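My numbering numbers the first residue of the sequence shown as 19 and each following residue consecutively.
Structure first, commentary second.
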Amino acid sequence: MSTSAFKPRFVKPSDTSSFLDKDPAVEKTNFTYNKYISQSIQTQRQRLPIFNNRNHILYLLEKYQTLILVGETGSGKSTQIPQYLREAEWPKQIVICEPRRVAAISLANRVADETGSLVQGDVVGYAVRFDSCACKPKIKFVTEGILLREMMSDPLLSSYSVIMIDEVHERTLYTDILLGLMKKILRKRPELRLIVASATMDATAFQKYFNNFENLKTPSSTILSVEGRQFPVEIFYVAEPVPCYVQASVEAAVNINASGTAGDVLIFLTGQEEVLKAVRILGEHANAIENSKSKNKITILPMYGSLPYNQQLKVFQKAPEGYRKIIVATNIAETSVTIPGVVFIIDSGFVKIKWYNIETHTDSLMVVPISKSSANQRAGRAGRMRSGKVYRLYTEEWAEKLPLNTPPEMVRSSLTYPILQLKAMGVNNILQFKFPSMPPMENIKSALELLYALNAIDINCQLTRPLGFHMAEFALNPLYSKMLLTSEEFSCSEEILIIISMLQVETVFNKPTTGNGIIKARIQKRLFEVKEGDLITYLNIFNAFVQNDMSQGFCHKNFLSHSSMKRVMEIRRNLEKILVNYNIPLTSCRNTENVCKCIVTGLFPNGAYLHRSGVYKTVRGDIDLFVHPESVFYNIEQPQWIVFGEVVHGIKLYMKDITVIQRDWLLELAPHFYYKTTGFE
Ligand code: CDP
Ligand code: MG
């Protein structure tokens with residue numbers, strides 16, 4: 019591998035004299051894990067910055083109903099506060115809500131270690147989707163989705179004394195729904211306590227939001243800031259912008275390794291594809307090292323949302339003796355997690371987020387610059403167990419211009435799913451719901467229209483039974499859950515189950531980067547491609563994978579990612595369980611037309627046709643759309659009528675996951691939606 023093409027030159031803030039390769043602050047001391055393991059846990063706990071505030075926190079929780087806690091990352095918020103509350107003998111359970119599954123699991127494990135108990139016992143446990151135990155631990159780490167699900171059966175969350183919503187700055191759809199519902203619950207349960215925690219947030223805004231306005235004399239919420247990170251973290255910026263951050267991140271990691279300074283490396287990129295690309299290049303480098311006499315051996319680990327969970331958890335394991343761990347992650351590793359051994363952070367400065375396009379009525383994924391608070395969080399992944407260094411692949415000038423926070427997901431994404439959830443929680447009048455940030459009215463209107471068209475709500479905006487209620491229970495895009503729940507009518511639940519599971523991972527394809535590899539991969543993919551489109555192609559790929567004993571060899575030959583395919587398998591199994599709960603029989607029709615029709619029952623809002631000008635136009639909105647290069651139809655004759663799964667923003671709007679349909683199906687399967695629209699004049 020050539021590593022000289024992009025050699026990022028790092029500078030310290032406002033100091034152009036020191037570069038990575040001659041960094042004067044490079045520590046010569048060898049870092050070993052044993053040093054930390056031998057420290058007594060109690061001493062470690064007492065050293066955390068939050069320990070000095072222990073009694074104050076407990077006092078504030080006696081006095082106020084809501085505590086807004088701002089504490090730097092690593093100060094001990096997530097692991098210590100639950101233990102303080104347990105020690106103070108709050109009567110009921112203490113629940114800590116994390117935006118990510120991997121954080122909930124790893125925190126529960128850490129607290130189990132610190133309390134000398136078993137995880138999933140009486141003291142501490144976790145509940146995440148598809149993985150929770152029947153026990154009732156005193157301290158329980160959960161994901162946001164789980165807490166919402168619990169609210170469906172116990173609207174006042176009556177088994178908890180204290181609820182902590184952690185990493186609130188992430189402001190996912192779930193965070194905002196939870197915050198809104200908590201406001202209602204707190205009114206009804208004066209003895210309940212809420213902690214809203216983060217390293218970076220607008221604390222005053224949250225304090226105001228949670229103040230009980232009926233009783234202004236005694237505010238019901240208060241703010242506490244906890245200072246101090248455990249170990250210093252040095253930050254370096256590139257001197258000039260880098261042309262390609264994936265390549266530059268690899269380069270920086272290689273340089274760190276060559277420097278010989280001990281410590282693991284964590285790289286932040288934006289998505290699975292970039293992660294796999296960097297892993298591949300670093301892998302070649304690792305092989306070269308193995309074959310040489312160099313002592314600087316490395317082991318490379320990817321980490322992204324659609325990686326099977328057991329593989330995600332591998333990053334927490336110690337690297338084999340004599341090896342340095344290089345973890346290449348998406349922003350899944352940005353908050354809450356402590357990865358032992360990480361000393362160096364390489365931050366691309368970008369993140370992939372959802373953005374709602376009111377014209378196409380769809381969410382698109384876009385790569386955008388991170389916010390200052392994300393940059394801070396990423397930096398905070400170092401310096402948790404010893405001093406660290408952060409290499410930012412952007413200039414200091416650029417860093418200063420970054421926005422303070424990324425806008426909350428609620429104001430920038432489709433509201434169909436959150437509204438469905440809120441309705442299932444009994445919030446009937448969405449306009450009166452006190453959102454932490456009110457989403458645009460246009461988006462609310464568009465979501466209600468769509469839910470009505472999907473038959474999830476009736477003309478009075480009430481959830482339909484059973485369809486609307488069942489759709490709310492699936493953590494899926496409502497277009498997909500609708501498809502799944504109507505599959506029984508078309509006798510194709512088996513096929514739809516597979517297609518939807520395949521759509522839950524970012525991609526199942528391994529994309530070679532060399533010219534020859536690209537052509538070979540293309541040829542292999544053609545073997546599965548069918549004229550009906552991308553979704554039926556995915557179905558073929560999955561079936562072939564199963565027929566070939568789910569083997570690695572099959573995946574390798576066909577340029578498929580074995581871990582992604584295994585993850586699809588896992589998702590399929592879990593969705594199947596829900597279908598079985600709803601008494602929806604698993605049937606296979608082996609009739610492609612039926613499957614395509616069933617697809618239309620969900621994706622009909624995303625209908626498009628080939629206009630005589632040669633571009634596609636949405637049936638309802640008259641927006642120009644183009645076929646995505648990864649679609650089956652990119653190089654072959656383009657069909658007249660289609661539905662698509664997703665729109666990707668590039669120079670133009672590109673449709674992905676395309677299925678060929680007949681024009682009449684739209685009228686037959688969604689008459690109310692397409693009545694009198696332009697395409698049918
Ligand atoms: O939530 P916050 O970022 O404030 O910190 P935390 O997750 O409670 O972690 C506090 C400290 O515990 C970290 O700085 C680590 O030193 C240690 N920790 C750890 O070693 N392993 C974990 N899995 C979690 C925490
Ligand atoms: Mg935390």
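The beta-carbon is built from N, C-alpha and C at its ideal position, and this holds for glycine as well.
Quantities reported herein were computed from a predicted structural model and do not represent experimental measurements.
Asked                                                                                                                                                                         : Found
Run the CB neighbour count on glutamine 335, radius 10 Å, all protein chains shown included, and call it buried at 16 or more, exposed below.                                 : exposed
Taking 7 Å as the cut-off, is the CB of aspartate 131 close to at least one heavy atom of the ligand MG?                                                                      : no
Thinking just about the alpha-carbon of each residue, which of Trp416, Thr413 and Met403 is nearest to the one in arginine 65?                                                : Met403
Measure the C-alpha to C-alpha separation of methionine 219 and threonine 424 and round it to an integer number of angstroms.                                                 : 11 Å
What is the C-beta distance between phenylalanine 577 and methionine 520, in whole angstroms, given that I count them as a contact (C-beta under 8 Å)?                        : Not quite, the Cβ-Cβ distance comes to about 15 Å (not below 8 Å), so this is no contact.
Return the chain-ordered list of same chain residues with a C-beta closer than 7 Å to the C-beta of methionine 489, the five sequence neighbours on each side being excluded. : Leu438, Ala474, Pro496, Ser499, Lys500 and Leu503
At a threshold of 7 Å, does serine 124 count as lining the ligand CDP (C-beta to nearest heavy atom)?                                                                         : yes
Between the C-alpha atoms of asparagine 375 and serine 455, what's the straight-line distance to the nearest angstrom?                                                        : 19 Å
What residue ranges within the region 297-384 form continuous alpha helix (DSSP H) runs of no fewer than 4 residues, ordered along the chain?                                 : 327-330
By the three-class DSSP mapping on this structure, what secondary structure does valine 146 have?                                                                             : strand
Could you spell out where the alpha helix (DSSP H) holding alanine 397 opens and where it closes?                                                                             : 390-397
Quick one, are the C-beta atoms of glycine 706 and valine 361 less than 8 Å apart?                                                                                            : The question about residue 706 has no answer, for the chain in this structure spans 19 to 699.
Quick check on DSSP: helix, strand or coil for glutamate 686?                                                                                                                 : helix
Measure the alpha-carbon distance for serine 464 versus histidine 379 and round it to whole angstroms.                                                                        : 7 Å
As a quick exercise: from Gln98, Ala442, Tyr255 and Ile596, pick the residue whose alpha carbon is nearest that of aspartate 172.                                             : Ala442
What did DSSP end up calling isoleucine 274 once you bin it into helix, strand or coil?                                                                                       : helix
Give the straight-line distance between the Cα atoms of proline 338 and isoleucine 345, rounded to the nearest whole angstrom.                                                : 14 Å
Helix, strand or coil, according to DSSP, for tryptophan 108 in the structure here?                                                                                           : coil
Around the C-beta of glutamate 258, are 16 or more other C-beta atoms found within 10 angstroms, so that it is buried, or is it exposed?                                      : exposed
Leaving out five residues on either side along the sequence, give the residues of the same chain with a beta carbon under 7 Å from the beta carbon of leucine 422.            : Ser389, Lys390 and Ser391
Exposed or buried, what is proline 250 when buried is set at 16 or more other beta-carbons lying within 10 Å of its beta-carbon?                                              : exposed
So, helix, strand or coil for asparagine 599, using DSSP?                                                                                                                     : helix
Is any heavy atom of the ligand CDP found at a distance shorter than 7 Å from the C-beta of lysine 158?                                                                       : no
In the DSSP assignment, the beta strand (DSSP E) including glycine 444 goes from what residue to what residue?                                                                : Run containing glycine 444: none; DSSP gives neither H nor E here.
Just verifying my parser: in three-state terms, what is the DSSP assignment at leucine 174?                                                                                   : coil
Counting only the same chain and skipping the five closest in sequence on each side, list residues whose C-beta sits under 7 Å from that of serine 135.                       : Val141 and Val142
Aspartate 131 lies in the beta strand (DSSP E); which residues open and close that run?                                                                                       : Element bounds for aspartate 131: not the beta strand (DSSP E) but the alpha helix (DSSP H), 119-133.
Mind checking which residues open and close the alpha helix (DSSP H) that includes methionine 501?                                                                            : 496-504
Helix, strand or coil: how does DSSP classify phenylalanine 224 here?                                                                                                         : helix
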